[in-house]
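The numbering used here numbers the first residue of the sequence shown as -11 and each following residue consecutively. Positions of the beta carbon are idealized from the N, C-alpha and C atoms, including for glycine. Treat the numbers as computed from the prediction; the structure is a model and nothing was measured. First comes the structure, then the notes that go with it.
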Amino acid sequence: MATNTFDLVLGCLFPIALLLVGYRLRGQFLSWSDLWDHLFAGNAPNTGYFSLERAYHSYLQYLTLSHNDVRRMRTSYASLDRAHKNLGYKIGYPRKLDRLWEATSMNATLAADIADLAAKEHPELKYSPKIQANTGDLARVRESLKHFVRDWSEVGKQERERTFAPILNLLSRIEPERRDRTRILVPGSGLGRLAWEISQLGFNTTANELSYFMILAFRLLLSPDTTQEVKQHKIRPYAHWFSHQRTTENLFRSVPFPDVVPRLGPNFQLLEDDFLKIPVPAGTWSSDQTQSPTHSSQGYDYIVTLFFIDTSFNAFATMEQIFKLLKPGGSWVNLGPLLWSGGGQCKVELSLEELLAAAEEIGPPLRPTIHATAISPSFPTVT
């Protein structure tokens, strides 16, 4: 009987062990929480890394996950010998950890507001099976919260002006009377500031984002229920990042946001979907060379990609989709580095020369003009 029980347990564990080894060999080092999601994903509506359900539960669990981080840091400090603990006490390190605890509590209020709004806009979330968030999810929440500073605070203004200027200056050359009929898509829009700035020039602009970590944070600003005025919210975005800090005080500084209040409208829409799955509008170029492309009011006049191309697992597929969504004669405007993740995670890792050559091969018969400019050597612009 004992042998049969042992064989049964071994039979259950063996497939799990094979799955874990397989992922390790592929270079994907999963946590037990991630592995559990892979094994039992059928129990939840959608446990994808950037799904609505995962993002919602991650924002809900932000406080718990963050405080667990602080507990681990306190445990590490407590493991020092007495002399080193006394030294840490003299320079104020225990107080620094106390302030980190307080800062994460402040940020958790913002995370809870994001989760509450998500539940209001998606009532089904309250009844979805709980997803246990992990450290990877915590990193995604923190990254999204930091984007409030870069995209929607006065602190991020200088960086935005430097980064957005080449794109906005290019689009500003278009006659004002044509702009409301000019459709622009901004994939990988994050918290949407660039897309919003383009819409303020008078263009019919669509922001497109895959990650619900970003989408839910952006919706906090878009909703009149949660954001009514400038500098309504505050965040301590750098508290969890102890590296490269000159002073402890700088670590815990508070940043108010937003500097303006964005709203969706007739010329500013948000498309929550995978860029590669966006349907091809009628009248755009087809890769079938037997079909003649027709000029149409459908499709996009411009597709603007900012810090986007190097996030692609398959840059070829991304470029194919760009040209499929463009009107005949439309233009692709790109700004950003080619900072591939490496380690074989991307199917191809292209140089600028290769990227431009591939774009020429993929592009439609009525090709956009393709050239390279830069605001710095590592930020190629393709229009």
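What number of angstroms, rounded off, separates the C-alpha of residue i from the C-alpha of residue j?
i      : j      : result
Phe230 : Leu85  : 10 Å
Leu313 : Ser67  : 57 Å
Glu147 : Arg138 : 7 Å
Gly351 : Asp289 : 15 Å
Leu323 : Ser339 : 14 Å
Leu75  : Asp69  : 10 Å
Glu197 : Asp213 : 22 Å
Gly144 : Ala91  : 20 Å
Ile291 : Val174 : 6 Å
Pro164 : Ala96  : 43 Å
Pro82  : Ser132 : 28 Å
Arg60  : Ser93  : 16 Å
Ser329 : Gly124 : 16 Å
Phe311 : Lys114 : 39 Å
Ser64  : Lys73  : 11 Å
Val268 : Gly287 : 8 Å
His110 : Ile266 : 22 Å
Lys315 : Leu51  : 46 Å
Lys78  : Arg130 : 30 Å
Asn157 : Asp101 : 36 Å
Glu341 : Glu348 : 11 Å
Ser39  : Leu258 : 16 Å
Ser319 : Thr236 : 47 Å
Ala71  : Val321 : 58 Å
Ser62  : Asn56  : The sequence shown places Arg at residue 62, not Ser. The alpha-carbon atoms of Arg62 and Asn56 are separated by roughly 10 Å.
Which one or two residues does DSSP pair with residue i in a beta bridge?
i      : result
Gly253 : Phe256
Tyr412 : Outside the modelled stretch of the chain, which goes from -11 to 371, sits residue 412, for which no answer is possible.
Leu159 : In the DSSP output, where bridge partners are listed per residue, Leu159 has none listed.
Phe296 : Phe296 pairs with nothing; no bridge assigned.
Val243 : Ile223
Asn192 : Arg171
Glu197 : Glu260
Leu314 : Tyr288
Could you name the residues of the same chain whose beta carbon sits closer than 6 Å to that of residue i, not counting the 5 residues immediately before and after it, in chain order?
i      : result
Pro244 : Lys219, Lys222
Ile186 : Ile172, Thr193
Leu454 : It is not possible to answer for residue 454, since the shown part of the chain is limited to -11 through 371.
Leu326 : Asp298
Arg128 : Phe201
Thr306 : Ser300
Gln49  : Ala121
Gln233 : Leu239
What whole-angstrom Cβ distance do residue i and residue j have, given they're in contact under 8 Å?
i      : j      : result
Trp140 : Leu252 : Trp140 to Leu252, Cβ: 15 Å. No contact.
Ala103 : Tyr47  : 4 Å
Ser160 : Leu189 : 6 Å
Thr293 : Val249 : Their Cβ separation, rounded to whole angstroms, is 26 Å, which puts Thr293 and Val249 out of contact at 8 Å.
His45  : Ala121 : 6 Å
Ile203 : Glu260 : 5 Å
Leu264 : Gln309 : 5 Å
Leu126 : Ser242 : At roughly 20 Å, the Cβ-Cβ gap does not stay under 8 Å, so Leu126 and Ser242 are not in contact.
Phe152 : Leu182 : 6 Å
Starting from the C-beta of residue i, find all residues in its chain whose C-beta is less than 7 Å away, skip the five residues before and the five after it, and write them out in chain order.
i      : result
Gly30  : Summary for Gly30: the model assigns pLDDT 44, below 50, so the residue's position carries little reliability, and this model does not support an answer.
Asp276 : Reliability fails at Asp276, whose pLDDT of 46 lies under 50, so the model's placement of it is uncertain and the value that follows must be treated cautiously. Counting only Cβ-Cβ distances below 7 Å, and skipping sequence neighbours, we find nothing.
Asp167 : Residue 167 is actually Arg in this sequence, not Asp. Closer than 7 Å at the Cβ level, and outside the excluded window around Arg167, lie Leu189, Gly190, Phe191.
Trp184 : Pro250, Phe256
Ile162 : Thr170
Glu217 : Val249
Compare the beta carbon distance of residue i and residue j with 7 Å and say whether it is the shorter of the two.
i      : j      : result
Phe240 : Arg224 : yes
Tyr200 : Ala99  : no
Glu41  : Ile119 : yes
Ala195 : Gly180 : yes
Lys335 : Phe296 : no
Asp247 : Glu142 : yes
His135 : Gly178 : yes
Beta-carbon within less than 8 Å of residue i's beta-carbon, same chain only, minus the 5 sequence neighbours each way: which residues are those?
i      : result
Phe304 : Lys335, Val336, Ala346, Ile350
Asp262 : Leu198
Ser21  : Interpretation of Ser21 is limited by its pLDDT of 48, a score under 50 that renders its predicted location unreliable; no figure is taken from the coordinates.
Would you say residue i lies against chain C (beta-carbon separation less than 7 Å)?
i      : result
Phe263 : The chain labelled as chain C is not found in the depicted structure, where only one protein chain is given.
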